[in-house]
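Residue numbers (the working numbering): 38 to 338. Working notes for the structure below.
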C-alpha cells in the first residue's frame, strides 16, 4: 500500500496537475490511514472503524469529509488500475452534513480606511525601499479586493499572465482551471503599473509578477502579514484575511444585481452551488428590495 501511495501521489502531481498544497493534504490524509490500519486488510469494517475514529478525533465536519474523500479517491485509483479486486468503499454509505457557515466579509468602512492608509504610506515613505514596499502592498490589496482572487492565485501570477496595457489578467485557479479577468478600475491599474515600474529590475530575474525584497515569489503568508499590519495600525475591530476580501468582493457584486453566474465565472467556482452561499449574506439588498420594490407599494388604500 505504501508503494502504491507514492505512485498515486506522483500521478496526481504529473497527470492531474494538482497543486503542491493539494498533494501535501492527500499525503497527510492517506498516511494517517495507513498508520491507523497497521497493514490490516482494507475491509468495510476497517473503513467504518476509521470513519468513527476520525469523528472522535476532529470536531470540524469539513476536515472529516476531506480525509474520507482523499481515501475514497485513492481506493478508486487502486480499483481502476486493478491493484485491488473489490473496492470496500462501494459498500459504504457515508453522509456527513456540514453546518452552513456564512462567509465573513469586511466592512466597507474598514476597506476604505485600509486603502487610504496604504496610499498614505506611499506618500509618507522616506526611502526607495519604503516606496517600493508600500507600493507593492497597496497593489496587492487593490488587486485582491477588485478581482476577488484567491490569495494563492494572486501570489502565483506570472509576468506574462498580466497585461497592464490592456488591463487583462489570466488566472489558473483550482484544478488548473483557466479564466480571464479584466482590471476594470483605473486606480487599481495605475498602482499596478507603478509597482511594475519600481520592481522592473527584480522582476527581470523572476517569472512571477509579485515578488518580495529578495526577488522571490511573494508568499501567501506575506499577504496575510500585510493585511494584519493594517488591521493592527488602524486598530480595526475585525480580523481580516485575504479570503474575506474575496467574500466581500462577491457579496458586493451580488448587491449590485450582477447575475450570480457571472460572479461564478469571475470567482472561478466550478459549481454554482459554491457561489450561492453569497445569497445568504446580502441582507442589506433584501431590505432595499422589500422597502423600495415591494409589490404592496403599488396598492394604495
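Every residue gets a Cβ at the ideal spot worked out from N, C-alpha and C, and that includes glycine. Computed from a prediction, not measured in an experiment: that's the story for all the values here.
Excluding five sequence neighbours on each side, which residues of the same chain lie with their C-beta closer than 7 Å to the C-beta of residue i?
i: residue 175; result: 155, 156, 159, 228
i: residue 298; result: 309
i: residue 180; result: 186, 191, 225, 229
i: residue 46; result: 60, 63, 64
i: residue 43; result: none
i: residue 281; result: 141, 142, 143
i: residue 330; result: none
Does DSSP classify residue i as helix, strand or coil?
i: residue 193; result: coil
i: residue 298; result: helix
i: residue 236; result: coil
i: residue 278; result: coil
i: residue 284; result: helix
i: residue 337; result: coil
i: residue 242; result: coil
i: residue 143; result: coil
i: residue 54; result: coil
i: residue 352; result: Outside the displayed span of the chain (38 to 338) sits residue 352, for which this structure offers no information.
i: residue 227; result: helix
i: residue 122; result: coil
i: residue 45; result: helix
i: residue 38; result: coil
i: residue 95; result: coil
i: residue 185; result: coil
i: residue 329; result: helix
i: residue 81; result: helix
i: residue 14; result: Residue 14 lies beyond the range of the chain shown here (38 to 338); nothing can be said about it.
i: residue 214; result: coil
i: residue 180; result: helix
i: residue 173; result: helix
i: residue 75; result: coil
i: residue 163; result: coil
Am I right that residue i and residue j are in contact with their C-beta atoms under 8 Å? What's the rounded C-beta distance?
i: residue 126; j: residue 84; result: 7 Å
i: residue 284; j: residue 142; result: 5 Å
i: residue 71; j: residue 38; result: 6 Å
i: residue 189; j: residue 257; result: 6 Å
i: residue 262; j: residue 254; result: No, residue 262 and residue 254 are not in contact; Cβ-Cβ is about 15 Å, not under 8 Å.
i: residue 305; j: residue 210; result: 4 Å
i: residue 260; j: residue 279; result: 5 Å
i: residue 300; j: residue 290; result: 5 Å
i: residue 220; j: residue 164; result: Rounded, the Cβ-Cβ distance is 29 Å, inconsistent with contact.
Please return the same chain residues whose Cβ sits closer than 6 Å to the Cβ of residue i, not counting the five positions on each side in sequence.
i: residue 6; result: Beyond the ends of the chain as shown, which are 38 and 338, falls residue 6; an answer cannot be given.
i: residue 168; result: 162
i: residue 150; result: 271
Taking DSSP's pairing of strands, which residues face residue i in a bridge?
i: residue 205; result: 200, 219
i: residue 254; result: 248
Nearer than 7 Å: is that true of the beta carbon of residue i relative to any heavy atom of the ligand ZN?
i: residue 95; result: With respect to the ligand ZN, the structure shown offers nothing to examine, as it has no ligands at all.
Keeping to the same chain, check which residues put their C-beta closer than 8 Å to that of residue i; ignore five residues upstream and five downstream.
i: residue 233; result: 201, 240, 246
i: residue 214; result: 305, 307
i: residue 231; result: 172, 176
At least three beta-carbon pairs within less than 8 Å, the stretch 211-226 to the stretch 235-244: no
The stretch 116-130 contacting the stretch 259-276, beta-carbon criterion three pairs below 8 Å: no
At least 3 beta-carbon pairs within less than 8 Å: the stretch 143-150 vs the stretch 272-291: yes
Contact between the stretch 98-110 and the stretch 62-78 (3+ Cβ pairs under 8 Å): As far as the Cβ criterion goes, the stretch 98-110 touches the stretch 62-78, which means the pair count is three or higher.
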